[in-house]
Structures are given as structure tokens and as C-alpha cells.
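Engineer: Chains A and B, in that order, are what the protein sequence lines are.
Those letters in the first sequence? Residues 6 to 113, per the numbering used here, in order.
Those letters in the second sequence? Residues 240 to 354, per the numbering used here, in order.
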Amino acid sequence: GENVEQHPSTLSVQEGDSAVIKCTYSDSASNYFPWYKQELGKGPQLIIDIRSNVGEKKDQRIAVTLNKTAKHFSLHITETQPEDSAVYFCAAWGMLTFGGGTRLMVKP
Amino acid sequence: DTGVSQDPRHKITKRGQNVTFRCDPISEHNRLYWYRQTLGQGPEFLTYFQNEAQLEKSRLLSDRFSAERPKGSFSTLEIQRTEQGDSAMYLCASSQGGRETRGYTFGSGTRLTVV
Numbered sequence: 006g007e008n009v010e011q012h013p014s015t016l017s018v019q020e021g022d023s024a025v026i027k028c029t030y031s032d033s034a035s036n037y038f039p040w041y042k043q044e045l046g047k048g049p050q051l052i053i054d055i056r057s058n059v060g061e062k063k064d065q066r067i068a069v070t071l072n073k074t075a076k077h078f079s080l081h082i083t084e085t086q087p088e089d090s091a092v093y094f095c096a097a098w099g100m101l102t103f104g105g106g107t108r109l110m111v112k113p
Numbered sequence: 240d241t242g243v244s245q246d247p248r249h250k251i252t253k254r255g256q257n258v259t260f261r262c263d264p265i266s267e268h269n270r271l272y273w274y275r276q277t278l279g280q281g282p283e284f285l286t287y288f289q290n291e292a293q294l295e296k297s298r299l300l301s302d303r304f305s306a307e308r309p310k311g312s313f314s315t316l317e318i319q320r321t322e323q324g325d326s327a328m329y330l331c332a333s334s335q336g337g338r339e340t341r342g343y344t345f346g347s348g349t350r351l352t353v354v
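(1) Can you name the start and end residues of the beta strand (DSSP E) that T107/A belongs to?
(2) When the Cα atoms are used, what is the spatial distance from S314/B to E44/A?
(3) Measuring only the C-alpha atoms, how far is T102/A from M110/A?
(4) Can you tell me whether D149/A is helix, strand or coil according to DSSP?
(5) Assign T74/A to buried or exposed, taking buried as 16 or more other Cβ atoms, counted over all protein chains shown, within 10 Å of its Cβ.
(6) So what's D325/B in DSSP terms, helix, strand or just coil?
(7) Mapping the DSSP letters down to three states, classify E291/B as helix, strand or coil.
(8) Out of K253/B, L278/B, L351/B and S244/B, point me to the one whose CA is closest to Y272/B's CA.
(9) Taking 8 Å as the CB-CB cut-off, is F78/A touching chain B?
(10) Taking the beta strand (DSSP E) that F313/B belongs to, which residues open and close that run?
(11) Just to make sure I have the definition right: I need the residues of chain A whose C-beta is within less than 9 Å of the C-beta of G348/B. Which are they?
(12) Just list the residues that DSSP pairs S334/B with in beta bridges.
(13) Expressed to the nearest angstrom, what Euclidean distance is found between the alpha-carbon atoms of L80/A and K27/A?
(14) Between the alpha carbons of I55/A and D64/A, how many angstroms are there, rounded?
(15) Verify the contact flag: E291/B, CB atom, against every heavy atom of the ligand COA, threshold strictly below 7 Å.
(16) CA-CA distance, Q323/B and K253/B?
(17) Whole-angstrom Cβ separation of N257/B and G336/B, contact assumed at under 8 Å?
(18) Restricting to Cα atoms, I'd like to know which of E307/B, L285/B and R261/B is closest to E291/B.
(19) Closer than 9 Å, Cβ to Cβ, to anything on chain A: give me those residues from the region 274-289 of chain B, in chain order.
(20) Step through the CB atoms of chain A and report whether any lies within less than 8 Å of the CB of G336/B.
(21) Can you pull the chain B neighbours of T102/A, defined as C-beta to C-beta under 8 Å?
Here you go:
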């Protein structure tokens with residue numbers, strides 16, 4: 006089955022800096038890669054996604070890049086704000102296998 | 240319809256008791272999924288339904304776990320003879336199946352504590 010590795014497990018940045026979270030996957034048949042944000046006491050919320058026929062996608066301060074050859078994809082958050090602080094999960098489509106999560110802390 | 244609803248939000252039960260959780264998906268979504276999430280981990284897939292058919296259940300953690308979606312709308316997840324290791328957040332999600340399926344919409348989860 007699919008295996009998704011996510012790094013780093015925790016990330017602390019200063020407000021206004023950029024944050025990058027990286028994931029690798031094992032199943033070359035996976036073709037859809039969403040990212041979720043989870044705040045305390047809530048379920049994961051989809052923030053951006055990318056399909057395998059696209060190398061990059063951007064939505065305001067958030068972007069995702071995909072390298073199918075290397076089987077890795079990354080989340081980029083620019084101009085971070087305190088409200089970006091949360092746990093972020095990557096996932097790969099098979100039966101939506103999740104990475105272990107990254108706790109992002111944005112210091113004001 | 241404002242999203243995926245799960246009930247209860249919290250459940251404390253004694254070891255050995257049975258518990259049942261309910262999930263109401265987004266009304267136009269035909270697929271419904273159950274995940275378990277333990278502290279500090281990503282959600283772990285358990286089972287999913289397309290309409291009333293349970294299409295994948297091999298990932299249910301043991302035969303103490305079962306799920307139903309009798310009319311293709313809401314679903315229930317039951318855990319029999321609960322154990323302390325069952326303590327976790329149980330998440331439900333739904334989606335509209337199809338070629339361009341996007342990521343699921345998750346509910347807020349049911350947090351189970353087994354004492």
C-alpha cells in the first residue's frame with residue numbers, strides 16, 4: 006500500500022517568513038495530493054491540492070509543488086501569519102494515506 | 240447543509256463497554272469514510288462506503304470494529320468491548336465520488352476516552 010513520509014514534524018518560523026513542508030510517497034500510481042490544515046479540536050480542512058498532471062499550483066500565500074519522478078511534493082506558505090499556526094498533513098490518493106503531520110508555529 | 244456532522248463530540252466509556260458513533264455526511268456526497276487519529280499522528284483509514292455499500296473494510300482494526308450505512312445517508316461506527324488502546328479521535332469524511340474527486344470534507348470528530 007501507499008506510504009507517506011512528512012518532514013519536519015515541527016517547524017517554528019517568525020511571522021512574515023516562509024515555511025516549507027515536504028512529503029514523499031511510495032506508490033507511483035498515486036495521482037492526487039491534497040494538503041490539510043488541522044486546528045485544535047477540529048477535523049482536517051482541505052487547503053490546497055494538486056493532481057499528477059500539474060507540477061505546481063498556487064493559491065494566494067499557499068503553493069504546492071510536485072515532482073512525480075522523485076515522488077515528492079511540498080507545501081510552501083509565504084508571509085506567514087500567527088493564524089497559520091496549526092498541524093498540516095499531506096496525503097496521497099490511493100485511499101487517502103496521510104503523512105504524520107507537521108506542527109507549524111508562527112511566532113509574532 | 241453546513242458540512243459533515245459527528246455525534247457525540249466526546250465520549251468517555253469504561254473498558255469493556257460498547258460504543259457507537261454517528262456521522263451525517265454532506266447530503267449530496269455519495270462516499271463516506273471513517274478514520275482514526277491518535278495524538279500526534281495523521282488520520283488512519285478504517286473503512287469507506289459508496290452509497291450503502293461498504294467497499295473497503297480490511298483496514299478495520301479488529302473484529303470489534305464495525306460500520307454501517309444502511310440507507311446510504313448517515314453512518315455509524317461501533318466498537319465492541321472497548322479497550323484502552325481504542326482511545327483516539329474518530330473522524331468521518333465524505334466526498335462526491337467520480338473521476339475528478341477532490342479531497343474529503345472532514346467532520347470535527349468524536350474523541351473517545353476509554354478508562
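All C-beta atoms, glycine included, are put in the ideal place defined by N, C-alpha and C.
Keep in mind the model is a prediction, meaning the values are calculated, not measured.
Structural biologist: For this structure:
(1) T107 to K112
(2) 24 Å
(3) 24 Å
(4) Outside the shown range of chain A, which is 6 to 113, sits residue 149/A, and nothing can be said about it.
(5) exposed
(6) helix
(7) coil
(8) S244/B
(9) no
(10) Here F313/B belongs to no beta strand (DSSP E), and DSSP marks it neither H nor E.
(11) G46, K47 and G48
(12) R270/B
(13) 7 Å
(14) 11 Å
(15) With respect to the ligand COA, the structure offers nothing, as it holds no ligand at all.
(16) 9 Å
(17) The pair is not a contact, with the Cβ atoms about 31 Å apart (cut-off 8 Å).
(18) E307/B
(19) Y274, Q276, G279, Q280, G281, P282, E283, F284 and Y287
(20) no
(21) F284
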